[in-house]
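Worksheet for the structure shown next.
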Amino acid sequence: MKKILMTALVAVMVLALIPTVAFAATTEAGSASELATAITNAGEGDIIELTADIDIDGVAEMEITKNLKIDMKGYSISGVPSDSRAFRVVGGDLTLDNTSVTQSKLLVGTGETDEYLYEGIRIAGSGSATINANVSIETGCPVVVQGNGAAGSAQLDVYGSVITSACLPTGDAYSAIQGRGNTGMGGTIINIHDGAEVLNEYSMAMYIPQDGIVNVYGGTITGVAAAIGIKSGTLNISGGTIRATGEANIPTEGWSSGINGSGCAIQIESNDGYVGNVIVNITGGTISSDHGYAVYEYLDSENTDTEVTSISIANATLQSATSSGMMISEELDAVSEERITIAESVVFETASASEVTANADVSYIVVIPSSVDFGTINKGMDAQSKDFVVAVEDALIEDGASITVQNTTSDMTMKDKDGAGSETLAFTLAQDAAPDNGIFTFAQADLTDGEEAIESSVSCVPADLTAAGSYKGYMTFDVSYNSVD
Numbered sequence: 061m062k063k064i065l066m067t068a069l070v071a072v073m074v075l076a077l078i079p080t081v082a083f084a085a086t087t088e089a090g091s092a093s094e095l096a097t098a099i100t101n102a103g104e105g106d107i108i109e110l111t112a113d114i115d116i117d118g119v120a121e122m123e124i125t126k127n128l129k130i131d132m133k134g135y136s137i138s139g140v141p142s143d144s145r146a147f148r149v150v151g152g153d154l155t156l157d158n159t160s161v162t163q164s165k166l167l168v169g170t171g172e173t174d175e176y177l178y179e180g181i182r183i184a185g186s187g188s189a190t191i192n193a194n195v196s197i198e199t200g201c202p203v204v205v206q207g208n209g210a211a212g213s214a215q216l217d218v219y220g221s222v223i224t225s226a227c228l229p230t231g232d233a234y235s236a237i238q239g240r241g242n243t244g245m246g247g248t249i250i251n252i253h254d255g256a257e258v259l260n261e262y263s264m265a266m267y268i269p270q271d272g273i274v275n276v277y278g279g280t281i282t283g284v285a286a287a288i289g290i291k292s293g294t295l296n297i298s299g300g301t302i303r304a305t306g307e308a309n310i311p312t313e314g315w316s317s318g319i320n321g322s323g324c325a326i327q328i329e330s331n332d333g334y335v336g337n338v339i340v341n342i343t344g345g346t347i348s349s350d351h352g353y354a355v356y357e358y359l360d361s362e363n364t365d366t367e368v369t370s371i372s373i374a375n376a377t378l379q380s381a382t383s384s385g386m387m388i389s390e391e392l393d394a395v396s397e398e399r400i401t402i403a404e405s406v407v408f409e410t411a412s413a414s415e416v417t418a419n420a421d422v423s424y425i426v427v428i429p430s431s432v433d434f435g436t437i438n439k440g441m442d443a444q445s446k447d448f449v450v451a452v453e454d455a456l457i458e459d460g461a462s463i464t465v466q467n468t469t470s471d472m473t474m475k476d477k478d479g480a481g482s483e484t485l486a487f488t489l490a491q492d493a494a495p496d497n498g499i500f501t502f503a504q505a506d507l508t509d510g511e512e513a514i515e516s517s518v519s520c521v522p523a524d525l526t527a528a529g530s531y532k533g534y535m536t537f538d539v540s541y542n543s544v545d
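Under my numbering, think of the first position of the sequence shown as 61, with each following residue one higher.
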């Protein structure tokens with residue numbers, strides 16, 4: 061009995077050591093209501109797979125309070141949500157994934173007159189969001205990152221694309237990645253990874269007023285007004301291309317609740333209305349401004365001291381419109397020896413406009429009917445005519461050039477015995493629609509859509525028949541391209 065009892069006890073102990081394994085559930089969603097329900101009912105780590113494009117017109121923002129992944133599967137989410145925002149992350153972790161080769165997009169407010177007011181994702185207070193490769197968020201303000209003041213309280217990771225798709229009525233725009241400079245909204249972490257794209261063709265690509273950390277590991281960050289505008293926190297760049305394309309606006313006026321564009325790649329505004337303590341560490345990558353400076357620091361008009369703690373640059377390329385890659389305020393310049401370190405490995409280049417050229421070959425297709433059949437005719441018939449249409453298709457020719465198709469037939473007659481006999485019947489190519497002795501002319505101005513057709517006709521007079529039989533003749537044409545002189 062004791063032996064049996066011990067065996068039973070050992071079995072119980074072994075069973076008690078087996079861990080409980082939780083598996084992520086997968087739910088499908090093919091409509092806005094199904095997606096909202098799936099988010100509400102999802103457990104930690106669950107996956108929601110889209111089965112169709114989803115229209116979120118009139119749908120309230122979808123709040124993320126747990127860790128979940130939405131696999132967009134090559135589909136897109138678009139529309140005009142009632143709260144002007146697609147997703148709000150509060151304490152959870154949202155991953156927008158795409159396991160399809162077809163790009164997926166989150167398009168919010170597209171085409172609306174106030175498209176600039178719409179947001180894709182807002183991380184509000186805490187939580188995190190990841191935009192994976194082959195996913196693009198395109199709206200007036202794609203991502204807002206807002207912490208709660210605690211270090212690491214809000215995090216954004218970008219492997220895909222975030223693109224500002226609309227400008228403000230003033231012609232400016234919200235940034236593709238927008239921070240919040242209000243008190244207690246810092247503690248953010250923003251990571252830009254290899255392959256990522258952050259783009260704003262209207263204004264600034266990234267605006268960082270809050271205390272936090274931005275890590276740029278690779279990818280491209282491109283803005284007109286600036287690539288990155290920063291007022292507080294730490295900016296670490298180890299790779300990628302950071303570029304400003306717009307005209308230089310230097311000196312730049314400070315702004316207490318935003319930032320004016322400078323046309324510089326990295327723009328640092330020393331403004332004592334913000335946390336400040338700006339630290340810039342550049343250890344790689346290319347920092348480029350088409351018309352301004354690679355790195356530019358200036359004081360807000362109310363400031364008397366720089367807010368830069370340190371700038372360190374090594375193993376990077378700085379491209380500017382002038383030979384100097386940097387411009388800093390007098391206040392920073394006065395303490396530059398203790399706050400700025402530039403290694404010998406840094407390459408300074410003068411940015412200049414690059415000539416871009418391309419050669420487009422002339423191409424077109426001329427379509428000429430292969431035959432004209434008068435059918436059965438007899439001497440009692442009036443003159444007979446058949447349509448004859450010459451066309452040019454898929455034309456890509458030079459501005460001012462033309463294409464000509466010319467009838468060069470020396471003997472405009474049909475012969476009996478299928479063209480081998482001696483009896484003849486004359487035919488003509490109508491001249492009213494094809495003037496100048498049967499020349500069809502196609503001018504480039506008429507080929508703007510790549511196609512044009514000229515109608516004509518071929519005629520014969522049955523009363524001229526001298527014998528019955530099967531008559532056949534031929535027309536030949538020369539095609540020529542008339543280039544610009």
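Virtual Cβ for every residue (Gly too), placed ideally from N, Cα, C.
DSSP places residue 463 within a strand segment (E or B) once states are collapsed to three.
Residue pairing of residue 409 in beta bridges, as defined by DSSP: 379. The DSSP-derived three-state label of residue 523 is helix. Taking 7 Å as the cut-off, the Cβ atoms of residue 150 and residue 123 count as close.
In this structure, residue 199 lies near residue 168, with their beta-carbon atoms less than 7 Å apart. The straight-line gap separating the alpha-carbon atoms of residue 152 and residue 99 is approximately 11 Å. For residue 529, the CB contacts under 7 Å within the same chain, skipping 5 residues up- and downstream, are 476, 477, 481 and 483 in chain order.
In the DSSP assignment, residue 145 falls within the beta strand (DSSP E) that extends over 145-149. If you draw a straight line from the Cα of residue 105 to the Cα of residue 457, it comes to about 57 Å. Per DSSP, the continuous beta strand (DSSP E) segment holding residue 325 begins and ends at 324-330. By alpha-carbon distance to residue 473, the top candidate from 533, 339, 381 and 419 is 533.
About 13 Å separates the Cβ atoms of residue 238 and residue 286, ruling out a contact at the 8 Å cut-off. Counting along the chain, the unbroken alpha helix (DSSP H) around residue 99 starts and ends at 92-101.
Sixteen is the threshold: when 16 or more other Cβ atoms of the shown chains lie within 10 Å of the Cβ of residue 360, as they do, the residue is buried. Residue 209 and residue 249 do not touch by the CB rule: their CB atoms are close to 13 Å apart, not below 8 Å. Counting C-beta atoms within 10 angstroms of its own C-beta, residue 129 has 16 or more neighbours from the protein chains shown and is therefore classed as buried.
Here DSSP, grouped into helix, strand and coil, assigns residue 399 to helix. Note: residue 122 is bridge-paired with 147 in the DSSP secondary-structure output. Setting aside the 5 residues that flank it on each side, residue 391 is surrounded in the same chain by 359, 365 and 366, each with a C-beta closer than 7 Å to its C-beta; the list follows chain order. By alpha-carbon distance to residue 246, the top candidate from 301, 460 and 183 is 183. DSSP links residue 434 through a beta bridge to no other residue. Counting along the chain, no alpha helix (DSSP H) covers residue 538; the unbroken beta strand (DSSP E) around it starts and ends at 537-542. The residue among 132, 119 and 126 with its C-alpha nearest the C-alpha of residue 145 is 119. Check the Cα spacing between residue 103 and each of 93, 87, 265 and 334: the tightest is with 87. Listed in chain order, the beta strand (DSSP E) runs fully inside the segment 330-376 are 338-342, 346-349, 355-359 and 368-373, counting runs of at least 3 residues. Per DSSP, the unbroken alpha helix (DSSP H) holding residue 392 starts and ends at 390-394. When the five nearest sequence neighbours on each side are left out, the beta carbons in the same chain lying within less than 6 Å of the beta carbon of residue 346 are those of 301 and 377, in order along the chain. Looking at 531, 203 and 172, the one whose alpha-carbon comes closest to that of residue 154 is 203. A distance below 6 Å between beta-carbons, with the five flanking residues on each side excluded, links residue 312 to the following residues of its chain, in chain order: 320, 322 and 358. For residue 244, no beta strand (DSSP E) run applies, since DSSP gives it neither H nor E. In this structure, DSSP gives residue 184 an extended state, which the three-state scheme calls strand. With contacts defined as CB atoms closer than 7 Å, residue 426 and residue 407 fail to qualify as a contacting pair.
The Cβ atoms of residue 446 and residue 539 lie no closer than 7 Å to each other. In this structure residue 282 is buried. Its beta-carbon is surrounded by 16 or more other beta-carbon atoms within 10 angstroms. With contacts defined by Cβ atoms closer than 7 Å, residue 411 and residue 381 form a contacting pair. The secondary-structure analysis by DSSP pairs residue 201 across a beta bridge with 179.
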